[in-house]
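Visitor: Residue numbers (the numbering used here), protein chains in the order written: chain A, 1 to 265; chain B, 266 to 1257.
Using N, Cα and C, we set each Cβ at its ideal position, and we do this for glycine too.
Small disclaimer: the values here were computed from a predicted structure and weren't measured.
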């Protein structure tokens, strides 16, 4: 059975994590299980919230990072949902723990801000840079859910000014043609997807677009490279996004077009 | 779009194979294991054992192969009487039978009425006398060293000397060649002559001494022959002829019986292996006592083996074997596999079309990365700006799914417009084309081994409705028992509302196509396309990559426009849905010139589209409160403007679009297209009729549009020029000078053809003189529009990370609008289109000023600049921009080739090569040739038609050579030269 693992803190911040975990589980047809790693205290709030959501909770003691990584390593777990700053207390800046978990877990991780609205996920924003690696990761996510009526999928094609196209001819038609081909290249066939194109610094553009387009969830891929200057979009989203962000690790495994077509049909 | 259809299956009569010709012995032909499209063969010893043999067996086979579409060519030293009396073949086609006889001096076409002489080399009296003298000298010199030889015949253009004039060797059969060789060698040895090569050398020297420095001297062991021509001349002419009919050497089998050396000399049939035949397969059926040259297949057995070869070819055709396409360097595009990211762009590159229908080169079987498109020229759906080319079901689909493991391979033969597709793992082999000989018809032959059932004979009609009509699509499929091959004929028949017979017509055309047959349609396809290329090719010696890219462009330009009727040529032709199929100035200014210069019928069809939209243009002007014709910036079915009023740009912002309202230079562009066509063709009827009407009505529009200031100067306010970064502007130099040109050309036409009030003509002329053009004689610069020089002096070449670049995204729309940043050639378009309307000496200063300020953000820009830089002798920069223009679709530089090919860019590449580098332009009755050849190119050859005369213009660094099929006049270095029956060569060495 495929499982969504919700790693929750012993605070009210666990509520949006459980909300999002449940919604995502419904979208992908999975069960939800919760995990609380307690360093101090008894996890009373976590237990109460899990019960209120009717979600099984496992309590474990130890280092949160290690415990979550171990639980996420189970073959059953397809997705991990965490709070952006509720997983562990400490002096590190917001998003840093989340990044550490992303780096450790190796699976898709949803990072939920503590003040994330608990509203249903109706619109998902998927930023892509037009490279095969980013689109492959996104297509893994899009394939199973983009054929459904909800949520609405918006692919955001971000053009870096340094890699601007050489020609645009008639701008309207060019944008139309570029968008059409971009979707064909990077999204599953017949997927119900809209496209928005923006030019600019990807880290800035994605966060701005999230607000502008009123997304309920942002899905972004990353190369699991935390060296300086890398993962700028992921860092920006974890820092500034007001909605949950699903971060999908890129894989060396190619995505079969045939498989995608089958999944999305 | 609504679709309604009726589908039916009927049991059409199956093809009945003809009774086999006389059975030949079964010969294993492993190395000839494919279908050839032509066989070039020797007669004596190859097709027949000797002159006395019965020709019926080979006649039966030749006529059957001709009926199955194969070309056959007899190459022989003898005369037509000997061959025809023995063969007596009277083929009805579609395959052709040629006789290349008299050892290279004659070619006959053989049809149902017998042989008809096509060409004969006629020796001058001096040459004739020299041949006789050479033969006499040879006999005398042989006698002097002790060998008795005789001149035995004086045939056309040659003399034959018998080296063994002994009764027992009067007429030795080919099968006894070994014995003959021994006997001749014995005679030579007895005379102290080493061998036949010595005799040949002696005869060649005698010919030189007689005044024939280039005589052909050959020997068949018994004879030595001195001639003006030989079998190599036959072969050269034959392979040129086959190439002109779309048959590449790779598709040809050469058969002889003396290919290997004979008596120390090359075998007589080896003379057929000329450089023009490189790529052909050669076979010898002779004894070949010393073996055959490397690469030649040896199937001994004489005429029996040859008959087996013919039978094998006949069987392949009767079983509907899928033909192969040639992979001739510079003439094909091959795509291996299916790459998800690039597939749709590749499909656009592989589009096959005839201007009536266009079908993308998607794999025949379904693949998730592929998009199968078919469009019909001029058939639109939707209303207003939403009008788009109707998307129609494709006729070439086969059942099944294609996966990555199937090793798909697609090859588009540009010479013939045939797309071949193979997938070894599926047992798929196919060719498809849009038939040149049957407009609007798709033809497919496919074998698909994985199908569970054999193909059946079916007919199907589907009617697809679109705005104001639709298309009836009829598809017929036939098969033969025991074969997995199917032949499919598909017809797209457009109709307008109220026409309810389209389905019937489409079905009738399918049945006609089926009756014509695949092989006849294939032959017509090859010939039709090859003939287009004969008058359109541009050959670049020294840049293979550019050569292929350029030919790919010319192929699609030719494929996108029909031969007659009207041609609505959208910005992407019929290769994709991009730009919704709308017709822009691209068609008039960038696509039409190539066709006017190479295939005027197609250019005329493009103009017919404008002629039939003249009422809409007149109405549009009236709607503006003006007289004359206001052609639409974007046009589709009706001619009404279909430009959207607002679009979302790349940044998602809703941008108002004012081009439909303000980019009025299209009015002059249409008039310019009329003039371009007239300048190349001299079409008097069009000049006096519809062409004149367009020139007059467009001039009237400018008269109504211009405003005079208090100084009497005339202005065009509120327009958009080709540089769409700045809008609206006043007195755009391009618009104003094009309008000026339009007024003057209309005045000239009116004076010539009459019917216009002289006062109106005078008004046009005075308006033309009064129009502001922004030219500063001191700086020798045109100001692009009023106030351009006051904008921020930004040189995009100095700030952009690269060019071409979309400057408005780099710098922002507002910054670009306020700066001297140009999207594409604007002022410089004047030097490109109407150089005679620009100030003398103004090209270089304007090029130096505007080029660095140009972002080249339009794909039209690089080709225009390449052309002008070539005119300015800046050849390094010119070739650099030319290569970018040539790569736009080939390398998908825009990222949008998937939605269709950039036809106008392809046209700009031709313009750069022909106008820019070759410097070829009409000037009244003369054709100006003023070449600028980059040092890295060795030669440039341009084929075109000027005033009805097909011409081949060969340019290298020292000479210009002009070969014309009809008398014409050229202008080189200011001097006029008449070109007559013989090619004219002029030195341009002084330009180095």
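(1) The alpha helix (DSSP H) that contains residue 406 of chain B, what's its start and end?
(2) What's the C-alpha gap between residue 935 of chain B and residue 355 of chain B?
(3) Is there contact between the region 809 to 822 of chain B and the region 586 to 598 of chain B, where contact requires at least three CB pairs shorter than 8 Å?
(4) Cα separation between residue 953 of chain B and residue 985 of chain B?
(5) Considering Cα atoms alone, identify which of A:235, A:215, A:214 is closest to residue 223 of chain A.
(6) Considering just the uninterrupted stretch of the alpha helix (DSSP H) at residue 934 of chain B, what are its terminal residues?
(7) Interface residues of chain A around residue 1164 of chain B at Cβ under 9 Å?
(8) For residue 744 of chain B, which three-state DSSP category applies?
(9) Does residue 1221 of chain B come out as helix, strand or coil in the three-state DSSP assignment?
(10) Would you mind telling me which residues of chain A sit closer than 9 Å to residue 914 of chain B, beta carbon to beta carbon, in chain order?
(11) As a quick exercise: from B:1143, B:1169, B:1139, pick the residue whose alpha carbon is nearest that of residue 1153 of chain B.
(12) Is the number of C-beta pairs between the region 641 to 658 of chain B and the region 1180 to 1197 of chain B that are closer than 8 Å three or more?
(13) Bridge partners of residue 303 of chain B, per DSSP?
(14) Assuming the contact rule is C-beta atoms closer than 8 Å, residue 156 of chain A and residue 209 of chain A should be a hit. Round their C-beta distance to whole Å, please.
(15) Would you list the one or two residues that DSSP bridges to residue 545 of chain B?
(16) According to the neighbour-count rule (16 or more other Cβ atoms, all chains shown, within 10 Å of its Cβ), is residue 91 of chain A buried or exposed?
(17) From the beta carbon of residue 128 of chain A, is the nearest beta carbon of chain B less than 7 Å away?
(18) Between residue 1070 of chain B and chain A, is any beta-carbon pair separated by less than 7 Å?
(19) Less than 7 Å separating the beta-carbons of residue 247 of chain A and residue 220 of chain A?
(20) Taking only heavy atoms of the ligand SAM into account, decide whether any of them is closer than 6 Å to the Cβ of residue 601 of chain B.
(21) Quick one: does residue 165 of chain A have its CB under 7 Å from some CB of chain C?
(22) Can you give the beta carbon distance from residue 822 of chain B to residue 859 of chain B, rounded, assuming they're within the 8 Å contact cut?
(23) Can you look up residue 311 of chain B in the DSSP assignment and give me helix, strand or coil?
(24) For residue 1029 of chain B, which residues does DSSP report across the bridge?
(25) What does residue 909 of chain B touch in chain A if you count any residue whose Cβ is under 8 Å from its own?
(26) Show which residues of chain A have a CB atom less than 7 Å away from the CB atom of residue 609 of chain B.
(27) Using the DSSP secondary-structure output, state which residues sit across from residue 425 of chain B in a beta bridge.
(28) Determine whether the Cβ of residue 844 of chain B lies closer than 7 Å to any Cβ atom of chain A.
(29) Hey, does residue 1159 of chain B have any beta-carbon neighbour from chain A nearer than 7 Å?
(30) Mind listing the chain B neighbours of residue 162 of chain A? Cutoff is C-beta to C-beta under 7 Å, in chain order.
(31) In whole angstroms, give me the CA-to-CA distance for residue 948 of chain B and residue 861 of chain B.
(32) Using a beta-carbon distance cut-off of less than 7 Å, what residues from the region 1104 to 1125 of chain B approach chain A?
(33) Less than 7 Å separating the beta-carbons of residue 700 of chain B and residue 672 of chain B?
(34) In the DSSP assignment, the beta strand (DSSP E) including residue 707 of chain B goes from what residue to what residue?
(35) Between the region 580 to 589 of chain B and the region 658 to 675 of chain B, can you find at least three pairs of beta-carbon atoms closer than 8 Å?
(36) I believe residue 893 of chain B touches residue 965 of chain B by the beta-carbon criterion, under 8 Å. Please report the beta-carbon distance rounded to the nearest angstrom.
Guide: Let's see:
(1) What you label residue 406 of chain B is simply residue 141 of the second chain in a count that begins at 1. Where residue 406 of chain B is concerned, the enclosing alpha helix (DSSP H) stretches over 390 to 409.
(2) In the second chain, the residue the question calls residue 935 of chain B occupies position 670. In the second chain, the residue the question calls residue 355 of chain B occupies position 90. When rounded, the distance between both Cα atoms is 51 Å.
(3) Three or more beta-carbon pairs separated by less than 8 Å link the region 809 to 822 of chain B to the region 586 to 598 of chain B, which places the two stretches in contact.
(4) Sequence index remark: in the second chain, residue 953 of chain B carries index 688 (1-based). Sequence index remark: in the second chain, residue 985 of chain B carries index 720 (1-based). Going by the C-alpha atoms only, they are around 32 Å apart.
(5) In the first chain, residue 223 of chain A corresponds to position 223, counting from 1. Selected option, being the one with the closest Cα: A:235.
(6) Counted from its first residue, the second chain places residue 934 of chain B at position 669. Its alpha helix (DSSP H) spans residues 930 to 946.
(7) Residue 1164 of chain B sits at position 899 when you count from the first residue of the second chain. Here the neighbours are 173, 176, 177, 178, 180, 181.
(8) Indexing the second chain from 1 puts residue 744 of chain B at position 479. DSSP places residue 744 of chain B within a strand segment (E or B) once states are collapsed to three.
(9) Translated into positions along the second chain, residue 1221 of chain B becomes position 956. Strand at residue 1221 of chain B.
(10) Within the second chain, the letter at position 649 stands for residue 914 of chain B. At a beta-carbon threshold of 9 Å, the residues of chain A lying near residue 914 of chain B are 168, 171, 172, 174, 175, 197, ordered along the chain.
(11) Taking the first residue of the second chain as 1, we reach residue 1153 of chain B at position 888. Of B:1143, B:1169, B:1139, the smallest CA-CA separation from residue 1153 of chain B is found for B:1169.
(12) Short answer: they don't touch.
(13) Here residue 303 of chain B corresponds to residue number 38 of the second chain, with the count starting at 1. Residue pairing of residue 303 of chain B in beta bridges, as defined by DSSP: B:336, B:517.
(14) Looking up residue 156 of chain A in the first chain gives position 156. Looking up residue 209 of chain A in the first chain gives position 209. About 5 Å; that satisfies the 8 Å criterion.
(15) Sequence index remark: in the second chain, residue 545 of chain B carries index 280 (1-based). Answer by DSSP bridge pairing: none, since residue 545 of chain B is not bridged.
(16) Start at 1 with the first residue of the first chain, and residue 91 of chain A comes out as number 91. Caution applies to residue 91 of chain A, whose pLDDT of 39 falls short of 50 and renders its modelled position unreliable; the model cannot decide the point.
(17) Stepping through the first chain from its first residue, residue 128 of chain A is reached at position 128. By this cut-off, residue 128 of chain A is not an interface position.
(18) Locating residue 1070 of chain B in the second chain gives position 805, counting from the first residue. For residue 1070 of chain B, the nearest CB of chain A lies under 7 Å from its own CB, placing it at the interface with that chain.
(19) Stepping through the first chain from its first residue, residue 247 of chain A is reached at position 247. Stepping through the first chain from its first residue, residue 220 of chain A is reached at position 220. Yes, they are a contact pair.
(20) For the structure depicted, the ligand SAM is absent and the ligand set is empty, with no information on it obtainable.
(21) The displayed structure is made up of protein chains A and B, and chain C is not among them.
(22) Working through the second chain from its first residue, we reach residue 822 of chain B at position 557. Working through the second chain from its first residue, we reach residue 859 of chain B at position 594. The pair is a contact, with the Cβ atoms about 5 Å apart (cut-off 8 Å).
(23) By 1-based counting over the second chain, the position of residue 311 of chain B is 46. Correct three-state label for residue 311 of chain B: coil.
(24) For the purposes of this step, residue 1029 of chain B is identified with residue 764 of the second chain, where counting begins at 1. Bridge partners of residue 1029 of chain B: none, in fact.
(25) Locating residue 909 of chain B in the second chain gives position 644, where the first residue counts as 1. Residues of chain A whose Cβ lies closer than 8 Å to the Cβ of residue 909 of chain B are, in chain order, 172.
(26) Within the second chain, residue 609 of chain B is the residue found at index 344, counting from 1. In chain order: 181, 184.
(27) Indexing the second chain from 1 puts residue 425 of chain B at position 160. Answer by DSSP bridge pairing, in chain order: B:418, B:490.
(28) Looking up residue 844 of chain B in the second chain gives position 579. By this cut-off, residue 844 of chain B is an interface position.
(29) Taking the first residue of the second chain as 1, we reach residue 1159 of chain B at position 894. Taking Cβ atoms only, chain A reaches closer than 7 Å to residue 1159 of chain B, which makes this a yes.
(30) As a working mapping, residue 162 of chain A is identified with position 162 in the first chain. Those are 1066, listed as they occur along chain B.
(31) Here residue 948 of chain B refers to the residue found at position 683 when the second chain is read from its first residue. Here residue 861 of chain B refers to the residue found at position 596 when the second chain is read from its first residue. Approximately 11 Å between the Cα atoms of the pair.
(32) Answer in chain order: 1122, 1123, 1124.
(33) Within the second chain, numbered from 1, the residue matching residue 700 of chain B stands at position 435. Within the second chain, numbered from 1, the residue matching residue 672 of chain B stands at position 407. It is not a contact, given that the beta carbons lie outside the stated cut-off.
(34) Residue numbering aside, residue 707 of chain B sits at position 442 when the second chain is read from its first letter. Element bounds for residue 707 of chain B: 706 to 713.
(35) No contact exists between the region 658 to 675 of chain B and the region 580 to 589 of chain B.
(36) Numbered from its first residue, the second chain carries residue 893 of chain B at position 628. Numbered from its first residue, the second chain carries residue 965 of chain B at position 700. Contact annotation, residue 893 of chain B with residue 965 of chain B: C-beta distance approximately 3 Å; criterion of less than 8 Å satisfied.
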